[in-house]
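So the structure is just underneath, and the comments pick up after that.
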Amino acid sequence: MLLKKIKIVSRNSPLAKIQALKVGNAILTKFPTIDIIYCSKQSDGDLNPNQKLYSGNTTTGLFTHNISASISNEEFDIGVHSWKDIPIEPAFNTSIFGTIERGDMRDMLFLKKGSLTNLSNGNLNIFTSSPRRKYLSQKKLSNFLPFDKAELNFTDIRGNIETRLKKFFESNVDGILIAKTAIDRLLSKDYSSVEKEKHNKIKKYMQSSRWMILPLSWFPTAPGQGAIGIEIHKSNTEAQKIVKQINNEKVFNDVSDEKKILSKYGGGCHQKIGVSIWRNKGLKLMSVCGETETGETLDNYEIINQKNANKNDGLKISDAFPINENEKRVFVREDIDSLQKISEIKDSLFYISRKNVLDNKPKIHDSNLIWTSGLQSWLKAAQSGYWVNGSSESFGETTDFRINSFVNSEMKKYKLSHSKSDSSNMDLIPVYKLEHRKKTANISNKTHFYWMSSLAFDFYVNEYPEIKSKNHACGPGKTYDHILRVLKNSENLTKYLSYEDWKKSFESK
3 MLLKKIKIVS
13 RNSPLAKIQA
23 LKVGNAILTK
33 FPTIDIIYCS
43 KQSDGDLNPN
53 QKLYSGNTTT
63 GLFTHNISAS
73 ISNEEFDIGV
83 HSWKDIPIEP
93 AFNTSIFGTI
103 ERGDMRDMLF
113 LKKGSLTNLS
123 NGNLNIFTSS
133 PRRKYLSQKK
143 LSNFLPFDKA
153 ELNFTDIRGN
163 IETRLKKFFE
173 SNVDGILIAK
183 TAIDRLLSKD
193 YSSVEKEKHN
203 KIKKYMQSSR
213 WMILPLSWFP
223 TAPGQGAIGI
233 EIHKSNTEAQ
243 KIVKQINNEK
253 VFNDVSDEKK
263 ILSKYGGGCH
273 QKIGVSIWRN
283 KGLKLMSVCG
293 ETETGETLDN
303 YEIINQKNAN
313 KNDGLKISDA
323 FPINENEKRV
333 FVREDIDSLQ
343 KISEIKDSLF
353 YISRKNVLDN
363 KPKIHDSNLI
373 WTSGLQSWLK
383 AAQSGYWVNG
393 SSESFGETTD
403 FRINSFVNSE
413 MKKYKLSHSK
423 SDSSNMDLIP
433 VYKLEHRKKT
443 ANISNKTHFY
453 WMSSLAFDFY
463 VNEYPEIKSK
473 NHACGPGKTY
483 DHILRVLKNS
493 ENLTKYLSYE
503 DWKKSFESK
């Protein structure tokens, strides 16, 4: 018999209450007559603010224990958690029976605007208590920042998101690392309708900061970050049936796999390891980075559902194109002076299509956002002194940037690229034009190709139409979409994360 009433319990924090509301709304969508009662409890972590979050090998569930206990003693039907906080090994006669759509998994860095001009001493102080965030930031973050490599120092911080942001802006610390999904949810309509004053305060914090969204390929997060875990007593089959109807099976399986991977190294939030599994444009991706307790370095980013992964087996390097820098140069670039136009634009977003588009050092007003097509473009921009807010990570300009919760959806977007480029959702500002090189490679005897751009593909297919039936590869973004339209099927077209990955697929054979 269907339950007429469900009691949902969560942590007492605003974020936890929003997450409970999301679960409740998902249930009401499927079962509109059910009466939902929302309750909240303080966690051990809330009650004992001085207790260490990460000590030794413990995985105590500091922010979930009290909720789990109340489900175990059947005081409530459903417990709603941030799934990343739940220990890998269950401690009660309960289990996670479902989840809903996952929020943005990525971490965000907030840096006070004043800190950008006060880094002459070369030190950057950042709030975070996470061993994973400390380790990955120490190893990689300076590459993404627009100043000479600063020495990073970390200070532990406790409290819910609002408390941490308040502490941050009242301190002398330069930056803070926070899960992006928490910011998204606290800036959502679900929260503004209940806590308008606090909602507006968070918006002001963002306006007082420079922010960047860290790429998952380099900065994988805690297993389950962005996901909501729905906990139920193992004997409460009626609640389980209801949750089964709202369960997002793909998210559930991805988080379960993330936690299994971490468990190989001991599990727990004290680990200096990030594990993220996500999907984009038909690809299932996995990033694992960090350091194990035995000192082993982990650094892996790969496609884990590639159907054509073995297509290059037995391939000789002489059959492939391009295989060196000279072969990759199909065009000669000629600069177009767009410096004045770029300098006059404010309160907009600039999309950096390739790493060379900023070679002329255009002045971009501080009110603008900068988004890059890939990470090489980001690294080059940072070296040139530009603050980059995020990247499409080579998945194309139509990939959702997922910034609408804190950026005006009507914000104007400009794409910096070559004169023959186009865009369905951005205004083009050409910064160079392309001319074919007078002498290009003869590729009539090649069988496997990697294309850096749709223009290069079109040029060579026009010169050597017979290569259309050969094996082609490219990144997963706009170039793939174009080549697929020309070839009309994907049988001979494979996505790779980069040219280097493609080359590795046959170089070692």
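Positions in the sequence shown are counted from 1; adding 2 to them yields the numbering used here. Positions of the beta carbon are idealized from the N, C-alpha and C atoms, including for glycine. Everything numeric in this text was worked out from a predicted model, so none of it was measured.
Once the 5 residues before and after residue i are set aside, which same chain residues still bring their CB inside 6 Å of it?
{"i": "L126", "result": "A152, L154, D176"}
{"i": "L49", "result": "Any reading at L49 is ruled out, since the residue's pLDDT is 47, under 50, leaving its predicted position unreliable."}
{"i": "P148", "result": "A384, G387, Y388, W389"}
{"i": "G226", "result": "W85, K86, V257"}
{"i": "D337", "result": "Y434"}
{"i": "S72", "result": "V11, F78"}
{"i": "F408", "result": "L189, M208"}
{"i": "S15", "result": "N162"}
{"i": "N220", "result": "Here residue 220 turns out to be Trp, not Asn, going by the sequence shown. Here the set comprises K142."}
Could you tell me whether the Cβ atoms of residue i and residue j are closer together than 9 Å?
{"i": "I275", "j": "V290", "result": "yes"}
{"i": "D37", "j": "D106", "result": "no"}
{"i": "A322", "j": "F461", "result": "no"}
{"i": "L341", "j": "K415", "result": "no"}
{"i": "S419", "j": "S355", "result": "yes"}
{"i": "E233", "j": "G81", "result": "yes"}
{"i": "L17", "j": "I215", "result": "no"}
{"i": "Q273", "j": "T294", "result": "yes"}
{"i": "T401", "j": "G479", "result": "yes"}
{"i": "K357", "j": "Q378", "result": "yes"}
{"i": "K243", "j": "L4", "result": "yes"}
{"i": "L381", "j": "N145", "result": "yes"}
{"i": "G398", "j": "D503", "result": "no"}
{"i": "G512", "j": "G268", "result": "The structure shown does not extend to residue 512, since the chain spans only 3 to 511, so no value can be given for it."}
{"i": "I90", "j": "S265", "result": "yes"}
{"i": "N94", "j": "I180", "result": "With the sequence shown as reference, residue 94 is identified as Phe, and Asn is not the correct amino acid for it. No, the Cβ-Cβ distance between F94 and I180 is not below 9 Å."}
For residue i, collect the residues of the same chain with a Cβ closer than 7 Å to its Cβ; drop the 5 residues on either side in sequence, then sort them by chain order.
{"i": "D424", "result": "L430"}
{"i": "G231", "result": "H83, W85, I88, I98, T101"}
{"i": "F403", "result": "W373, G392"}
How many Å lie between residue i and residue j at the Cα?
{"i": "S471", "j": "R104", "result": "40 Å"}
{"i": "S320", "j": "S426", "result": "38 Å"}
{"i": "S474", "j": "N491", "result": "According to the sequence displayed, residue 474 carries His and not Ser. Answer to the nearest angstrom: the Cα atoms are 11 Å apart."}
{"i": "E395", "j": "S455", "result": "15 Å"}
{"i": "P432", "j": "V334", "result": "15 Å"}
{"i": "E412", "j": "D109", "result": "24 Å"}
{"i": "N444", "j": "D339", "result": "34 Å"}
{"i": "E260", "j": "A224", "result": "8 Å"}
{"i": "G134", "j": "P467", "result": "Contrary to the premise, residue 134 reads as Arg rather than Gly in this sequence. So the two alpha carbons sit approximately 50 Å from each other."}
{"i": "Y303", "j": "M288", "result": "6 Å"}
{"i": "E197", "j": "A458", "result": "53 Å"}
{"i": "I29", "j": "I69", "result": "20 Å"}
{"i": "S117", "j": "F156", "result": "15 Å"}
{"i": "K205", "j": "I305", "result": "36 Å"}
{"i": "K32", "j": "Q247", "result": "7 Å"}
{"i": "K286", "j": "V277", "result": "13 Å"}
{"i": "R331", "j": "H438", "result": "9 Å"}
Could you pull the start and end residues of the beta strand (DSSP E) that residue i belongs to?
{"i": "K43", "result": "37–43"}
{"i": "G292", "result": "285–293"}
{"i": "E153", "result": "153–157"}
{"i": "P324", "result": "Taken as a continuous stretch (DSSP letters only), P324 belongs to no beta strand (DSSP E), as it is neither H nor E."}
{"i": "L371", "result": "371–374"}
{"i": "V257", "result": "Where V257 is concerned, there is no enclosing beta strand (DSSP E), although the alpha helix (DSSP H) it sits in stretches over 251–265."}
{"i": "V488", "result": "Not the beta strand (DSSP E): V488 falls in the alpha helix (DSSP H), residues 480–489."}
{"i": "V82", "result": "80–84"}
{"i": "R335", "result": "333–337"}
{"i": "I305", "result": "299–305"}
{"i": "N127", "result": "125–129"}
{"i": "L167", "result": "Element bounds for L167: not the beta strand (DSSP E) but the alpha helix (DSSP H), 163–171."}
{"i": "K438", "result": "Note on identity: in this sequence residue 438 is His, with Lys being the wrong assignment. From DSSP, the beta strand (DSSP E) with H438 extends over 429–438."}
Would you kindly report the start and end of the unbroken alpha helix (DSSP H) that includes residue i?
{"i": "S407", "result": "Premise fails: S407 is in no alpha helix (DSSP H) and is neither H nor E."}
{"i": "M208", "result": "198–209"}
{"i": "D460", "result": "456–465"}
{"i": "T183", "result": "182–188"}
{"i": "D106", "result": "It is not in any alpha helix (DSSP H) - D106 carries neither H nor E in the DSSP assignment."}
{"i": "Y137", "result": "133–142"}
{"i": "S419", "result": "Not the alpha helix (DSSP H): S419 falls in the beta strand (DSSP E), residues 415–420."}
{"i": "I347", "result": "Element bounds for I347: n/a, residue is neither H nor E."}
{"i": "I69", "result": "67–74"}
Spatial neighbours of residue i within its chain, please: C-beta separation below 8 Å, excluding the five flanking residues on both sides.
{"i": "I159", "result": "F129, T130, S131, R166, K169, F170, I178"}
{"i": "V253", "result": "T101, I102, E103, R104, A229"}
DSSP puts residue i in a beta bridge; with which residues?
{"i": "S278", "result": "S289"}
{"i": "R13", "result": "K43"}
{"i": "A513", "result": "This structure does not reach residue 513, given that the chain is present from 3 up to 511, and the question cannot be answered."}
{"i": "T96", "result": "H235"}
{"i": "K7", "result": "D37"}
{"i": "W380", "result": "DSSP output for W380 lists no bridge partner at all."}
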